[in-house]
Structure formats: C-alpha cells, structure tokens
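To start, the structure itself, in structure tokens.
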Amino acid sequence: MFPRLVHIGSFYLPTYGVILAIAYLVGIWLLRRKARAEGLPEQKIFDFSLYVLASAILGAKLLLVIVEWRHYMKSPGDFIEVLRSGGVFYGGLIAATTVGIWYMRKHRLPAWKIADMGAPSIALGEAIGRWGCFAAGCCYGKPTEGPFGVTFTDPFAHEAVGTPLNVALHPTQIYLSLNAFVIFLILQWAYRRRTFDGEVFWLYVLLYAITRGILETFRGDSVRGFLIPGILSTSQFIGLLAVAAAVGMLIYLSRRRPSAAA
Numbered sequence: 063m064f065p066r067l068v069h070i071g072s073f074y075l076p077t078y079g080v081i082l083a084i085a086y087l088v089g090i091w092l093l094r095r096k097a098r099a100e101g102l103p104e105q106k107i108f109d110f111s112l113y114v115l116a117s118a119i120l121g122a123k124l125l126l127v128i129v130e131w132r133h134y135m136k137s138p139g140d141f142i143e144v145l146r147s148g149g150v151f152y153g154g155l156i157a158a159t160t161v162g163i164w165y166m167r168k169h170r171l172p173a174w175k176i177a178d179m180g181a182p183s184i185a186l187g188e189a190i191g192r193w194g195c196f197a198a199g200c201c202y203g204k205p206t207e208g209p210f211g212v213t214f215t216d217p218f219a220h221e222a223v224g225t226p227l228n229v230a231l232h233p234t235q236i237y238l239s240l241n242a243f244v245i246f247l248i249l250q251w252a253y254r255r256r257t258f259d260g261e262v263f264w265l266y267v268l269l270y271a272i273t274r275g276i277l278e279t280f281r282g283d284s285v286r287g288f289l290i291p292g293i294l295s296t297s298q299f300i301g302l303l304a305v306a307a308a309v310g311m312l313i314y315l316s317r318r319r320p321s322a323a324a
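Structural data, given as structure tokens:
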C-alpha cells in the first residue's frame, strides 16, 4: 500500500519500521503505567521492557531464518532481507518470554504479575504493528472475490516481500490487527478481574493461539513456513502447542494460587 514513508534517491524510510516503532513505544508506555499503579519499580520495568523488546526483534528474525533455512542456504545473499523484515511473530513471543523470565528472576521481580501486566501491551502493540505489515504488503492474504479484498500496486512491495500485484487479496494484516485489538480489550477487562497471577498472560496465549490459527487459513504468503505444505503452517503448529501449554498453566496456577492476585 505505502511501503516507503520517505523516499529520497536511494534512501528511504520504511513505513513498516516507523509504525513498528510506534507500536513498541505504546506497549512500553502501557506497561510502565501498569507498573506505576502496582507500585513496582518503574526503572526496572523500563529496563525489562528494553530487554524484552530486543529479544522479540531478534527472536522473530531467527525463527524466520529457521523456517526458511533451505532458501537461505541456497541464497545466503538474501540474509540482508532478514534485517528488513519483521520476522515470525511467534519467534519474537517465545524469545521475549524466555528473556523476560530470566530478567525477572535475576532481579527478583514478581514474574507472573509482570507477565499479566505485559500481555495487554503485547496485544496492543501487535494491533498497531500489523498496520505496518499492511503498509509494507507483507503477511498478505489469499486471492479473494469478496467485498473486503485489497489490491496492492506498488512494485517495491513485490520486490521486497513478494506481494502479488493487481490482484484482490484478503487483508489479513487488518484481520490480525482487529483480532489483536479485540484480545487487548478482553485482557484489559480480565486484568481488573484476575484471581491469580499468570491468569491474564496465559489467557492471552490461549486466545491468540486459537484466533491466529484460524486467521492463518486466509494467509497467502509462504515465507512463514509450513510443516505440512498447504495444510499446517509453522504458526499453526506452534499455536497447537501454545493452546496445550496455556490450558495446562491456567489449571496449574489456579490451583497453586487460588487467592486474588491484587
């Protein structure tokens, strides 16, 4: 749609990067606001968010390389494209969760309480960030004759991420954005009514895994990788594991800490 926000000669500022930066800043702002309300040290929470942010970026790109390793082995020169892409969302989520747990244990912070605080930030950040995907043309959908089809025409989008041009496609980026925003609203509601620490975070994992698995069926890009070509994508497989983990952890944490988390 609009992959380059500024374009002067050979220099260009990608719209995707600008929107993603806004998404990160909004997510950090929301997390710090919740930390202040909970009486947690804001500076440590801010440092935590930076660690999580960096690991999310690296994790998303790493999983992209893993799922497309055959392509990068054949064309190592394409590694530079990894720096320009957002990567695979689940890779970022897994890496951020791992690093976040390490940081909280190191600084003796209440891990599940902070995870609950961070879940709405992740959802809101994705709701904003997916508009960057829409602008760039990545994460595009399958061809459609329905009323919501969108048509990309910028050759740069095709060259950069392989977006099909002049064909009506499902606006999966917008589907994902709206889905993330609805999840954000649910999490905000659940956060004020949580009964144990970890409840909101694992509710997020459960909701995201289920809805992402459904929305994957509208995706038309193959770069995200498939375990079973055309049937089960990498994200859907990870989503199945995530659903099992979320259900298990919700049951475990509710039995371990039945009292209110507030």
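Residue numbers (the working numbering): 63 to 324.
Virtual Cβ for every residue (Gly too), placed ideally from N, Cα, C.
Being a predicted model, the structure only gives us computed values, none of them experimental.
- If the five residues before and after residue 219 are omitted, its C-beta is found closer than 6 Å to the C-beta atoms of 65, 199, 225, all from its own chain and listed in chain order.
- Where residue 69 is concerned, the enclosing beta strand (DSSP E) starts and stops at 66–70.
- Straight-line spacing of the CA atoms in residue 108 and residue 303 works out to 30 Å.
- For residue 110, the uninterrupted alpha helix (DSSP H) segment begins and ends at 104–129.
- When the beta-carbon positions are compared, residue 181 and residue 262 come within less than 9 Å of each other.
- With respect to the 9 Å criterion, residue 78 and residue 115 are not classified as neighbours on the basis of their beta carbons.
- With 16 or more other CB atoms across the displayed protein chains lying within 10 angstroms of its CB, residue 179 is buried.
- Residue nearest to residue 230 within the set 239, 214, 238 is 214 (criterion: CA-CA distance).
- For the alpha helix (DSSP H) assignment, the uninterrupted runs of no fewer than 4 residues enclosed by the stretch 183–270 are, from N- to C-terminal side, 217–223, 234–253.
- The DSSP-derived three-state label of residue 176 is helix.
- When the beta-carbon positions are compared, residue 282 and residue 208 stay at least 9 Å from each other.
- Rounded to whole angstroms, the gap between the alpha carbons of residue 246 and residue 216 is 32 Å.
- Between residue 81 and residue 194 a beta carbon distance of about 3 Å is seen, short of the 8 Å cut, so the two are scored as contacting.
- Pairing residue 165 with residue 267, the inter-Cα distance amounts to about 20 Å.
- When the alpha-carbon of residue 249 is set against those of 257, 222, 265, 119, the nearest one is in 265.
- DSSP places residue 295 within a strand segment (E or B) once states are collapsed to three.
- In the three-state reduction of the DSSP assignment, residue 281 falls in the strand class.
- Taking residue 149 as reference, the option from 162, 136, 127, 84 with the minimal CA-CA separation is 127.
- Nearest neighbour of residue 269 by Cα position, chosen from 221, 123, 244, 314, turns out to be 244.
- Residue 155 sits close to residue 184, with the two beta carbons spaced by under 9 Å.
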